[in-house]
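Colleague: Take any residue in the sequence shown, count from 1 to its spot, add 308: that is its number in our numbering. Think of the CB as a built atom: it goes at the ideal place given N, C-alpha and C, for glycine as much as any other residue.
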Amino acid sequence: MSSLVQSVDWLAIAPPTLTAVVGLAVLVADLFIGDARKAVLGWVSVAGLAASALLLLPLRNGDRATFCLTGATDTCSYVADGFTLVVQLLVLGGALLVALLSVTALKDADRELPEGEYWFLLLSSAAGAALLPASRDLATLIVALEVASLPAFALVGIKRGDRKSSEAALKFFLSSVTATAVSLMGVSFVYATTGTLYLTRIADRIQHVDGQFHTLAQTGVVLTLVGFAFKTAAVPFHFWVPDTYVGAPLPIAAYLSVVGKAVGFSGLILVTVVAFPSYADVWGPALAGLAALTMTVGNVGALRQRSTRAYSAVRLLAWSSVGQAGYLLVPIAAAAYSKDAQKAVGSTLAYALMYAAVNLGAFAVAALVARRSPLNRLDDYRGLYAESPLSALVLGFFLLCLAGLPPGVIGLFAKVTVFSAAVGAGLGWLAVVMAVNVVIALFYYLQWTALLFRAPEGAPGTHRAPVPLTAAIVLTAVLGVVLSGAPQLILRFSQTVLF
Numbered sequence: 309m310s311s312l313v314q315s316v317d318w319l320a321i322a323p324p325t326l327t328a329v330v331g332l333a334v335l336v337a338d339l340f341i342g343d344a345r346k347a348v349l350g351w352v353s354v355a356g357l358a359a360s361a362l363l364l365l366p367l368r369n370g371d372r373a374t375f376c377l378t379g380a381t382d383t384c385s386y387v388a389d390g391f392t393l394v395v396q397l398l399v400l401g402g403a404l405l406v407a408l409l410s411v412t413a414l415k416d417a418d419r420e421l422p423e424g425e426y427w428f429l430l431l432s433s434a435a436g437a438a439l440l441p442a443s444r445d446l447a448t449l450i451v452a453l454e455v456a457s458l459p460a461f462a463l464v465g466i467k468r469g470d471r472k473s474s475e476a477a478l479k480f481f482l483s484s485v486t487a488t489a490v491s492l493m494g495v496s497f498v499y500a501t502t503g504t505l506y507l508t509r510i511a512d513r514i515q516h517v518d519g520q521f522h523t524l525a526q527t528g529v530v531l532t533l534v535g536f537a538f539k540t541a542a543v544p545f546h547f548w549v550p551d552t553y554v555g556a557p558l559p560i561a562a563y564l565s566v567v568g569k570a571v572g573f574s575g576l577i578l579v580t581v582v583a584f585p586s587y588a589d590v591w592g593p594a595l596a597g598l599a600a601l602t603m604t605v606g607n608v609g610a611l612r613q614r615s616t617r618a619y620s621a622v623r624l625l626a627w628s629s630v631g632q633a634g635y636l637l638v639p640i641a642a643a644a645y646s647k648d649a650q651k652a653v654g655s656t657l658a659y660a661l662m663y664a665a666v667n668l669g670a671f672a673v674a675a676l677v678a679r680r681s682p683l684n685r686l687d688d689y690r691g692l693y694a695e696s697p698l699s700a701l702v703l704g705f706f707l708l709c710l711a712g713l714p715p716g717v718i719g720l721f722a723k724v725t726v727f728s729a730a731v732g733a734g735l736g737w738l739a740v741v742m743a744v745n746v747v748i749a750l751f752y753y754l755q756w757t758a759l760l761f762r763a764p765e766g767a768p769g770t771h772r773a774p775v776p777l778t779a780a781i782v783l784t785a786v787l788g789v790v791l792s793g794a795p796q797l798i799l800r801f802s803q804t805v806l807f
């Protein structure tokens, strides 16, 4: 009789596990550290995230799996393959940069934000986000999704006595819980028709569902996608984004824009390409329609922002992130029509890596400006070059990357990659919609960039950048410049995807 006790591959699960352990350690340490020394918790969190990211290096040589079915080593709940490592690098690297922004934000808050709880919630969410791309059964996938999401609700509403923050957290929570409930119903339908939760087995069995259960299986596929579409901020599941970004602490808005999207897109890729490839005729057109709608609504929303409105810079970045989500959806939709689904998925990951680097950089400069101008209006960036030339040049570079214009070559390269995926899959109409939206986005990105170099209305002020904030800006700028000089590196890296 074979033993039911399995050995655990601790190296495979090390990155999310270490992140979670450091989070618990920070929470406990907070009980014994005086207020004057709370800052050490932030640096411990930064070190923990850096160590977790470094633990990805030993996993590069070959796929690893654990928590497998007894007697079926090819059916596992946790798989550390090429896809997992790319997404985990994005998640942990993004969380590390957010942690650097948070060190400064917590210091500036002057104890208005509870530091121990903040770091525990951030690390817990990052652990869930790092677990999700490795999940290969629907139960683990949903649990990882909620572990990533639940701490994020609390982080959005963590500002004490801030009504705007509380309202944003409530809106985020209610809409997310509703989407999760719909997804759970979809999972139950899929399980009822296939008798399994493992993605690879679902892919095999769902092709042979009895005719009387075919409609139930189709409904399960569609409902399962809803929760992940919500996390990507795809229209019409996007309505929570602007208010949530404005109400949350700025580093958390940056976290949601990058790591939150990584969670949604990795989940979408797993359930579509791995679990439901035989239902491509269902999810392919649905995602193509969502992509077109999302990029259009996001870019039009960003275009409508008034420069004098409070928090208009953050709102523009929020609507911009919705538009960028539309571009990210294009290759996933193309995978339904392409003979090489993995190449299409690689295009999404390449775009996501570019977007993560430059969008976090834009939020870092926004955090710097917010230290002098808390309302963070677009008008507050007028004449930034006269006050802080390097900050203005870096922000201008990030905006040009997002727009896809030189010298932001990596942004142009990523957009061409996504465009090629759509054309190669025969989605010419979607490529045309994307081209139109890229032109729309050029207007508001260039308008913001032009503001940076105009003459300031008053006497130039000063922007003192603390070391952690400077480090975040420098890291993202260096990454953007290096990738613009050798954009093929990011595509080669993302094409290592293996399911």
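Given a threshold of 16 other Cβ atoms within 10 Å of its Cβ, counted over all protein chains shown, does M309 qualify as buried or as exposed?
Modeller: For the purposes of this step, residue 309 is taken as residue 1 along the sequence shown, with counting starting at 1. Residue placement at M309 cannot be trusted, given a pLDDT of 39 that sits under 50; what the coordinates show is reported in the next sentence. Counting Cβ neighbours within 10 Å, M309 comes out exposed, since fewer than 16 surround it.
Colleague: Enumerate in chain order the residues of its own chain whose CB-to-CB distance from L595 is below 6 Å, with the five nearest sequence positions on each side excluded.
Modeller: By one-based count along the sequence shown, residue 595 stands at place 287. Excluding residues within five positions, the ones whose Cβ falls inside 6 Å are L637, I640 and A641.
Colleague: Does the separation of the CB atoms of N607 and G631 fall below 8 Å?
Modeller: Within the sequence shown, numbered from 1, the residue matching residue 607 stands at position 299. Within the sequence shown, numbered from 1, the residue matching residue 631 stands at position 323. Against a cut-off of 8 Å, the Cβ pair of G631 and N607 comes out as a contact.
Colleague: Could I get the ranges of all uninterrupted beta strand (DSSP E) runs contained in the segment 726-753, with 3 residues as the minimum, in chain order?
Modeller: List check, beta strand (DSSP E) in window: nothing returned.
Colleague: By Cβ distance, which residues of its chain are closer than 8 Å to L377, with the 5 residues on each side in sequence left out?
Modeller: The residue given as residue 377 occupies position 69 in the sequence shown. The answer, listed in chain order, is T383, C384 and Y506.
Colleague: Taking C-alpha atoms, which residue in A462, A487 and T486 lies nearest to E475?
Modeller: In the sequence shown, residue 475 corresponds to position 167, counting from 1. Cα-wise, what sits closest to E475 is A462.
Colleague: Can you name the residues that DSSP bridges to R372?
Modeller: Here residue 372 is taken as the residue at index 64 of the sequence shown, counted from 1. Partner(s): A388.
Colleague: Considering only C-alpha positions, which residue in the set V529, G634 and S565 is nearest to A588?
Modeller: Along the sequence shown, one-based indexing puts residue 588 at 280. Checking every option, the nearest Cα to that of A588 belongs to V529.
Colleague: Please list, in chain order, all residues of the same chain as T412 whose beta carbon is under 6 Å from its beta carbon, the five residues on each side excluded.
Modeller: Taking the first residue of the sequence shown as position 1, residue 412 is located at position 104. Once the five neighbours on either side are set aside, the close Cβ partners of T412 are P774, P776 and L777.
Colleague: Please state the DSSP three-state secondary structure of A787.
Modeller: Numbered from 1 along the sequence shown, position 479 holds the residue referred to as residue 787. Residue identity differs from the one stated: residue 787 is Leu in this sequence, not Ala. Helix.
Colleague: Quick check for students: name the residue ranges of the alpha helix (DSSP H) that lie wholly in the segment 488-519, counting only runs of 4 or more.
Modeller: Counting only runs of 4 or more, we get 507-513.
Colleague: Between the C-alpha atoms of V485 and L363, what's the straight-line distance to the nearest angstrom?
Modeller: Reading the sequence shown from its first residue, position 177 is the one you call residue 485. Reading the sequence shown from its first residue, position 55 is the one you call residue 363. In a straight line, the C-alpha of V485 is about 32 Å away from that of L363.
Colleague: Measuring alpha carbon to alpha carbon, tell me which residue in S496, V554 and A660 is nearest A678.
Modeller: Sequence index remark: in the sequence shown, residue 678 carries index 370 (1-based). That would be V554, whose Cα lies nearest to the Cα of A678.
Colleague: In the DSSP output, which residue or residues are listed as bridge partners for S443?
Modeller: By one-based count along the sequence shown, residue 443 stands at place 135. Its beta-bridge partners are Y386.
Colleague: Report the three-state DSSP secondary structure of A359 (helix, strand or coil).
Modeller: Position 51 of the sequence shown holds residue 359. A359 falls in the helix class under three-state DSSP.
Colleague: Starting from the C-beta of W351, find all residues in its chain whose C-beta is less than 6 Å away, skip the five residues before and the five after it, and write them out in chain order.
Modeller: Within the sequence shown, numbered from 1, the residue matching residue 351 stands at position 43. Excluding positions up to five away in sequence, the list is empty.
Colleague: Please classify Q396: does DSSP put it in a helix, a strand, or coil?
Modeller: For the purposes of this step, residue 396 is taken as the residue at position 88 of the sequence shown. Note: Q396 maps to helix in three-state DSSP.
Colleague: Verify whether the separation of the beta carbon atoms of A672 and A711 is less than 8 Å.
Modeller: Taking the sequence shown and counting its residues from 1, one reaches residue 672 at position 364. Taking the sequence shown and counting its residues from 1, one reaches residue 711 at position 403. No. Outside cutoff.
Colleague: When every heavy atom of the ligand HEM is checked, does at least one fall within less than 7 Å of the C-beta of G494?
Modeller: The model depicted lacks the ligand HEM and carries no ligand whatsoever.
Colleague: Mind checking L319: buried by the 16 CB within 10 Å criterion, or exposed?
Modeller: Taking the sequence shown and counting its residues from 1, one reaches residue 319 at position 11. Counting Cβ neighbours within 10 Å, L319 comes out exposed, since fewer than 16 surround it.
Colleague: Determine whether the beta carbon atoms of L393 and L367 lie at a separation below 8 Å.
Modeller: Your numbering for residue 393 matches position 85 in the sequence shown. Your numbering for residue 367 matches position 59 in the sequence shown. Against a cut-off of 8 Å, the Cβ pair of L367 and L393 comes out as a contact.
Colleague: By Cβ distance below 6 Å, which residues in the same chain neighbour V605 in space, the five residues on each side in sequence not counted?
Modeller: Sequence index remark: in the sequence shown, residue 605 carries index 297 (1-based). The answer, listed in chain order, is V543.
Colleague: Which two residues bound the contiguous alpha helix (DSSP H) that contains I640?
Modeller: Counted from its first residue, the sequence shown places residue 640 at position 332. Residues S620 to A642.
Colleague: Considering only residues of the same chain and omitting the five flanking positions on each side of S483, which have a CB-CB separation below 8 Å?
Modeller: Translated into the one-based positions of the sequence shown, residue 483 becomes position 175. Closer than 8 Å at Cβ, skipping near neighbours: F538, F545, F547 and W548.
Colleague: If A434 and L357 are in contact, beta carbons under 8 Å, what's the gap, nearest whole angstrom?
Modeller: Reading the sequence shown from its first residue, position 126 is the one you call residue 434. Reading the sequence shown from its first residue, position 49 is the one you call residue 357. The pair is a contact, with the Cβ atoms about 7 Å apart (cut-off 8 Å).
Colleague: Assign L703 to one of three DSSP states: helix, strand, or coil.
Modeller: One-based indexing of the sequence shown puts residue 703 at position 395. Helix, per DSSP.
Colleague: Taking the straight line between their C-alpha atoms, what separation do you get for V579 and R444?
Modeller: The sequence position of residue 579 within the sequence shown is 271, counting from 1. The sequence position of residue 444 within the sequence shown is 136, counting from 1. Computed Cα separation, rounded: 9 Å.
Colleague: With 16 as the cutoff for other CB atoms within 10 Å, does R509 come out buried or exposed?
Modeller: In the sequence shown, residue 509 corresponds to position 201, counting from 1. Label assigned to R509: buried.
Colleague: Pull up the distance between the alpha-carbon of S792 and that of V717, whole angstroms please.
Modeller: Position 484 of the sequence shown, counted from the first residue, corresponds to residue 792. Position 409 of the sequence shown, counted from the first residue, corresponds to residue 717. Between S792 and V717, the C-alpha separation is close to 5 Å.
Colleague: Alpha carbon to alpha carbon, how far is G401 from A361?
Modeller: Here residue 401 refers to the residue found at position 93 of the sequence shown. Here residue 361 refers to the residue found at position 53 of the sequence shown. Approximately 7 Å, taken between the alpha carbons.
Colleague: Could you check the C-alpha separation between S628 and A610 for me, to the nearest Å?
Modeller: Mapped onto the sequence shown, residue 628 falls at position 320. Mapped onto the sequence shown, residue 610 falls at position 302. S628 and A610: Cα-Cα distance of roughly 6 Å.
Colleague: Among the candidates T540, I321 and V498, whose CA atom is the shortest distance from the CA of L531?
Modeller: Here residue 531 is taken as the residue at index 223 of the sequence shown, counted from 1. It is V498 whose Cα lies nearest to the Cα of L531.
Colleague: Name the residue from R685, S699, T602 and V746 whose alpha carbon lies nearest to the alpha carbon of V724.
Modeller: The sequence position of residue 724 within the sequence shown is 416, counting from 1. Checking every option, the nearest Cα to that of V724 belongs to V746.
Colleague: Contact check, A477 vs T501 under 8 Å by CB: the rounded distance?
Modeller: Mapped onto the sequence shown, residue 477 falls at position 169. Mapped onto the sequence shown, residue 501 falls at position 193. Actually they are not in contact, since the Cβ atoms of A477 and T501 sit about 36 Å apart, beyond 8 Å.
Colleague: Whose CA, out of Y426, Q396, A373 and L365, lies closest to the CA of V334?
Modeller: As a first step, residue 334 is located in the sequence shown; it is residue number 26 there, counting from the start. Considering only alpha carbons, the answer is Y426.
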